[in-house]
Amino acid sequence: MEKHDYGLSIDWAESDNSSSSGLDLVIVHGLYGNLGASPNPRVSPGSGSSSWVDDYVKDLDVDARILIFRYDAGKILAGRYSRGAIQQQAVSLLEGLTELRRTDSKRSIMFISHDIGGLIVKDALQIAAFDSIKWGEIPDYARMLVGLLPYSYTDP
22 MEKHDYGLSI DWAESDNSSS SGLDLVIVHG LYGNLGASPN PRVSPGSGSS SWVDDYVKDL
82 DVDARILIFR YDAGKILAGR YSRGAIQQQA VSLLEGLTEL RRTDSKRSIM FISHDIGGLI
142 VKDALQIAAF DSIKWGEIPD YARMLVGLLP YSYTDP
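Residues 22 to 177 in our numbering are what the sequence shown spells out, letter by letter.
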């Protein structure tokens, strides 16, 4: 059985010293972006990432980090209740962001998402907006959303 590391992780950081004026660029892949077939899941089909992300971030004049949120797309596709599975992944994304931003919560956030990853980001921001005590200022620091995603979803 293949081992997967799911959740939010730092993929690249400008420096070891994080600064409150920095940028967290969060990448959330699409359905086929985390299959594990590619030795580098960041460049697999549907990953929401490619070399342009690295080039863009490295050209910025800010203390930047690239964060990647990996999830098991099979859980979203299995069964009739994909909406609930997407919401569970949204909460997992928020938990990861809250943990990684514990000491530097004032960094701007830019989300890049593809396919179902965009729905996860939309749900995460909605959940966070309705519970600022639990999720802090995540929605307030979300400065840019780049999403190639379906507009809505339905369960049968």
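The C-beta atom is built at its ideal place from N, Cα and C for all residues, glycine as well.
Three-state class that DSSP yields for residue i in the structure shown
| i | result |
| --- | --- |
| R123 | coil |
| R128 | coil |
| R164 | strand |
| V78 | helix |
| R178 | For residue 178 there is no data in the structure shown, the boundaries of the chain being 22 and 177. |
| S134 | strand |
| R104 | helix |
Residue span of the alpha helix (DSSP H) that contains residue i, given as start and end
| i | result |
| --- | --- |
| V142 | I137 to A150 |
| A94 | A94 to L98 |
| S153 | S153 to W156 |
Beta-carbon separation (whole angstroms), residue i vs residue j, contact threshold 8 Å
| i | j | result |
| --- | --- | --- |
| A94 | A145 | The pair is not a contact, with the Cβ atoms about 16 Å apart (cut-off 8 Å). |
| R128 | D32 | With a Cβ gap of about 15 Å, R128 and D32 do not count as contacting. |
Residue environment, residue i, which counts as buried when at least 16 other CB atoms sit within 10 Å
| i | result |
| --- | --- |
| K155 | exposed |
| V142 | buried |
| D26 | exposed |
| M131 | buried |
| R101 | exposed |
Run of the beta strand (DSSP E) containing residue i, from where it starts to where it stops
| i | result |
| --- | --- |
| S30 | G28 to A34 |
| L46 | L44 to V49 |
Check whether residue i and residue j have beta carbons under 9 Å apart
| i | j | result |
| --- | --- | --- |
| H50 | I87 | no |
| I221 | V74 | This structure gives no information on residue 221, because the portion of the chain shown stretches from 22 to 177. |
| S103 | Y162 | no |
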